[in-house]
Amino acid sequence: MFSEDEYRLDFFVDEGFQRKKCEKCGKFFWTRDAVRKTCGDPPCDPYTFIGAPVFSREHGLDEMREHYLSYFEARGHTRIARYPVVARWRDDIYLTIASIADFQPFVTSGQVPPPANPLTISQPCIRLDDLDSVGRSGRHLTTFEMMAHHVFNTREREIYWKDRTVQLCDELLRGLGMEPTAVTYKENPWAGGGNAGPSVECLVAGLELATLVFMDLKATVGGSIKIKGEGYEKMDNYIVDTGYGLERFVWASKGSPTIYDAIFPDLVRKVADLAGVEHDLKDPEYAEIFAQNARLAGMVDLDEYSMKDLRSKIAGTIGIAPERLEASIEPMERIYAVVDHTRCLAFMLGDGIIPSNVKAGYLARLVIRRTLRLMKELGLGLPLADLVEMQISRLDYPDWKERLVTIKEILDQEEQKYAETLEKGRRLVKKTAEHFRKQNRPVPLQEMISLYDTHGIPPEIARESAEGLGATVELPDNFYSLVAKTHIKAEQEEAPKLIIPGKTELLFYEHPFDQTFEARVVEVLDGDSVILDRTLLYPEGGGQPADHGILEKGGLEFRVVDVQKVGDVVLHKLEKQGGLQKGDYVKGKVEMRRRLAHARHHTATHLVHDSAKRILGKHIWQAGAQKSEDRARLDISHYKRIIDAELKAIEMEANRRVMECEPVDTKFLPRSEAEKLFGFELYQGGVPPGKQIRVVKVGSDIEACAGTHVTNTGMIGAIKILRTERIQDGVERIEFAAGEAAVRAWQERDDLLAGAADVLRVPADQLPKTASRFFEEWKGQQKEIERLKEDLAKARLRSLSAEAQEIDGLKVVVQKMGQADIDELLKAAALLAEQDYVALLGSETGKLVAAVGKSGLAKGVKAGNIIKAAAKALGGGGGGRPELAQGGGPNVANLDEALRAGREAMRA
RNA sequence: GGGCUUGUAGAUCAGUGGUAGAUCGCCGCCUUCGCAAGGCGGAGGCCACGGGUUCGAAUCCCGUCAAGUCCA
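So that you can map any letter, position 829 of the first sequence is 828 in numbering that gives the first Met the number 0, and since no number is skipped, the others follow by simple counting.
See below:
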């Protein structure tokens, strides 16, 4: 791990700190307190701040945040605005889980300069890992603000490192009125996300208020520094990554029994009132219950202890009956959780997450449904949207208020959807429960897993209603881990990325309409992949396919069929091997038709996206895009299906923008400047790496984009939306064509229409009317035919029965029925059987039907056997029930033989 | 990104390769002063769509579309 030297800071020495080893956990810590023997972290030390605040006065959330940020501003840090809680710039996490997440991966890796250095921020974060503990432990939250000061040091320029970091933290705490001897700094090496470094936890009165991480290692295969079995090496850049819990600071300043009573007492009270729960913290005995609960829950990992054990322990220490404790604490746990969860939802939906069945949207739905369950248990009748609105109205984000109508609509829709799922579930559970009750055995585990995994019915709810119906269920404690086990699958390894040094100059940005260029071959790989020093050919990227073109040397032409960017070099893949060598000078030519089609579709994508945003609302966010020569598709986040009228409006809006001939403006800007000017809406298509990002402005639409575009929207010509598809719950795909492809799409549709109109011999504008008339008539005729077949069968009955022979005392009819179809045969045979005949009817189409009446059945004659014997002669097969069977075969010529064989089989 | 499930009458659902069903709702008649209930009768189905296997597919296989759900 890390040696003492990593932690022996001048600051500690100068301030009179001593390094001690905790007599309980054995970890090292630093303290000013000469008599302290333990590290200060639960369970070595209990919470002592409840009822005894550690700061000189109470602070609310806003006040504390402002105090913190201005403290660091006054000490040379630049205050920067928070990032969204949905981590759109990351592809490895969905939610922002820490302030440093804002700067990963490009800033922390040194590829991109930080927006300011040093900086301070208060970043709302969401962590759903401890969802079960929220409300119960007194301290867990799904949503919290991580206040931080970050420094990005390089070997060339160090701003500050460990000493100054700890000093700033210590002075902040003392400035708030903390006793100097109250704080301990516990050594606790940190590792995560491919980085590691020494770290200290800042503990006051049993509460971890901050973690100060000195990130200077990166995971390296075979690295010489070993942490938890992984190898690490020193980084060239080293980062101060701190995290201060805003909510914990507020809690410590108030010393209330729970963190919830500290950070949103007004809402706790309001929800308690709505639920009819009395929550009087001024009652010392009542307050002590929650205080003691928080203290003891603070000492344990809630996974290790069952809640029941914890409860009886708490009841014991307070000296009340466990039932009394249960009664006081349980409704409040739910109320705390509801208030926490609705704040979480305010942030999720406010920052633009659309509930879905996948990705970040799934997490939002998870929280929504959990909250609805809690509300139901509390008997809260009001809509979830109202509670979230209360949260939004007490937070200071103007754009959320603007979007409130949409947010409420989303929540109402989710609430309704969940009610439907539960209703469906109730029916399913009823069916399952009755099935197993009749068999007199418990509903097996496999069924319970299927109910939950496939139909979303929580096992607790399933058990309750199943038991209400008199069935028992098999439900082990480790149910959820059993479910998880069914999902386990081997992870596939990613192919190692090719690394090629060097750089190819990209000419297509500066000269988007140049067709030819000259370049030198820098390298040839595998005989057919050519690296040039410069190129006009666009490599595949950003949902835009690669250009095609030609490289020419000395009159010989080499077709380029694919272009890929690897690192900073561009690989040109040739159709055939051989011919070009390192050092050759070549003349390149771009296939402009393809390039232009891509450019039109690319610019059109921006227009369709922006139009969708105007028509559907500001919650629209690009979830993916792909272009080709003849069509493009755009995936957008939207919480319901796009209806036809909206689609037409989007199409019209996009085409108006084409007609307005707006210029397309592209320029490279430093990343932080672009972000400052345009915000995160830039990153519709993901976050590009690099210090400079290319900003593409199409009228009011501004995006970071590396693709090739036309220079004026008029060049797109036309946009035709082809279809929409819901690729996920919450994500709509719009497919459209631009330019010539749009015209072709119109023409194809005209052809379809003309073709259909031609078949029905009507003008195209009468197609719908005529088609529906034909369809209705067809249905009517089908019914008429049914009736006629019925009548026909009755009419045939007389002549058929006249042909009957008697065999073994049974009336037998064996007949050829011309071209009759299977339906006619069936109906006639069934009627004969009703009259107690044994019938075998065949048709020249190779179909056979046999039917056996009462007497035949009594004698053991089976229609199936007759058919099998007869159909065999036709080279086919058949079967059915004893009283009615059908069959047939391809060898129609053998029909007589088949009937003869069938007749033989009638002798039982 | 992966797993599982479903698509049959207006609604809820049966139907495991052999003539498409039930319940509720709808319409008509009977009964009633009237209504409800009850009795009798009836209408209502491209069994999501396209292919395949088979003598035969709502049913089995493949694909498409639509919907639900769990996980990362």
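Positions of the beta carbon are idealized from the N, C-alpha and C atoms, including for glycine.
With 16 other Cβ atoms within 10 Å as the buried cut-off, status of residue i
{"i": "C660", "result": "exposed"}
{"i": "I498", "result": "exposed"}
{"i": "M234", "result": "buried"}
{"i": "D757", "result": "exposed"}
{"i": "N187", "result": "buried"}
{"i": "A489", "result": "Low confidence applies to A489: its pLDDT is 42, below 50, so where it sits in the model is not reliable, and the reading given next is rough at best. The residue in question, A489, is exposed, as its Cβ has fewer than 16 Cβ neighbours within 10 Å."}
{"i": "K846", "result": "buried"}
{"i": "E492", "result": "Residue confidence is low: E492 scores 41 on pLDDT, short of 50, so the model does not pin down where it sits. No coordinate-derived value is stated."}
{"i": "R294", "result": "buried"}
{"i": "P475", "result": "exposed"}
{"i": "N356", "result": "exposed"}
{"i": "W620", "result": "buried"}
Same chain, Cβ closer than 6 Å to residue i, five either side skipped, listed in chain order
{"i": "A494", "result": "Bear in mind that a pLDDT of 47 at A494, under 50, signals an unreliable position, so the number given afterwards is only what the model happens to contain. Excluding sequence neighbours, A494 sits near nothing in its chain."}
{"i": "H278", "result": "A271"}
{"i": "A420", "result": "Correcting the residue identity first, residue 420 is Thr in this sequence and not Ala. So the list reads G455, once near-sequence residues are dropped."}
{"i": "A384", "result": "K407, L410, D411"}
{"i": "H139", "result": "D129, S132, V133"}
Unbroken alpha helix (DSSP H) run spanning residue i, endpoints
{"i": "I389", "result": "Per the sequence shown, residue 389 should be read as Met rather than Ile. Unbroken alpha helix (DSSP H) run through M389: 383 to 392."}
{"i": "N654", "result": "643 to 658"}
{"i": "G863", "result": "862 to 872"}
{"i": "I406", "result": "403 to 437"}
{"i": "Y259", "result": "258 to 262"}
{"i": "I614", "result": "591 to 615"}
{"i": "E896", "result": "894 to 904"}
{"i": "A857", "result": "853 to 858"}
{"i": "G360", "result": "358 to 377"}
{"i": "I460", "result": "458 to 467"}
Expected contact under 8 Å - CB spacing of residue i and residue j to nearest Å
{"i": "T164", "j": "V239", "result": "5 Å"}
{"i": "R173", "j": "L206", "result": "Rounded, the Cβ-Cβ distance is 16 Å, inconsistent with contact."}
{"i": "G888", "j": "G878", "result": "G888 to G878, Cβ: 13 Å. No contact."}
{"i": "F507", "j": "T707", "result": "6 Å"}
{"i": "S98", "j": "A147", "result": "4 Å"}
{"i": "V709", "j": "T604", "result": "Contact doesn't hold; Cβ gap of about 12 Å is too wide."}
{"i": "K583", "j": "V520", "result": "The question names Lys, yet the displayed sequence has Asp at residue 583. With a Cβ gap of about 4 Å, D583 and V520 count as contacting."}
{"i": "C124", "j": "F105", "result": "The Cβ separation is near 20 Å, so there is no contact."}
{"i": "K810", "j": "D835", "result": "7 Å"}
{"i": "E634", "j": "V730", "result": "Strictly speaking, residue 634 in this sequence is Asp, with Glu absent from that position. The Cβ separation is near 5 Å, so the contact holds."}
Own chain, CB closer than 7 Å to residue i, minus 5 neighbours either side, in chain order
{"i": "K185", "result": "K26, F28, C38, G39, D40, V199, E200, L202"}
{"i": "R558", "result": "I549, L573, E574"}
{"i": "P881", "result": "V851, L856, K861, A862, G863"}
{"i": "I79", "result": "P114, A115, L118, I120"}
{"i": "D215", "result": "G196, K233, M234, Y237"}
{"i": "G817", "result": "S842, E843"}
{"i": "E22", "result": "K36, T37"}
{"i": "C704", "result": "G541, G684, R693, V695"}
N-terminal and C-terminal residue of the beta strand (DSSP E) that residue i is part of
{"i": "F667", "result": "663 to 669"}
{"i": "F105", "result": "Premise fails: F105 is in no beta strand (DSSP E) and is neither H nor E."}
{"i": "Q563", "result": "555 to 565"}
{"i": "H148", "result": "142 to 153"}
{"i": "P123", "result": "118 to 125"}
{"i": "H454", "result": "Per DSSP, H454 belongs to no beta strand (DSSP E); it is in the alpha helix (DSSP H), 444 to 454."}
{"i": "K810", "result": "809 to 815"}
{"i": "F512", "result": "Per DSSP, F512 belongs to no beta strand (DSSP E) and is neither H nor E."}
{"i": "D634", "result": "631 to 636"}
{"i": "A884", "result": "883 to 887"}
{"i": "G845", "result": "Where G845 is concerned, there is no enclosing beta strand (DSSP E), given that its DSSP letter is neither H nor E."}
{"i": "A251", "result": "Note, A251: premise wrong, no beta strand (DSSP E); alpha helix (DSSP H) at 245 to 253."}
Check: residue i C-beta below 7 Å from any heavy atom of the ligand HEM
{"i": "R163", "result": "Of ligands this structure carries none, so the ligand HEM is not represented either."}
Own chain residues within Cβ distance below 8 Å of residue i, not counting five before or after
{"i": "L766", "result": "L752, A755, A756, L759"}
{"i": "T534", "result": "T503, E504, L505, L506, F507, F516, A518, V562, V569, H571, G587"}
- Which runs of the alpha helix (DSSP H), 4 residues or longer, sit entirely within the segment 697 to 771? 739 to 759
Segments assigned alpha helix (DSSP H), at least 4 residues, entirely inside the segment 281 to 320:
283 to 298, 306 to 317
At which residue ranges does the segment 2 to 73 contain complete beta strand (DSSP E) runs of 3 or more residues, listed in the order of the chain? 17 to 20, 27 to 30
3-residue-minimum beta strand (DSSP E) runs that sit fully inside the segment 153 to 237, ordered along the chain:
182 to 186, 189 to 191, 194 to 196, 198 to 203, 206 to 218, 224 to 226
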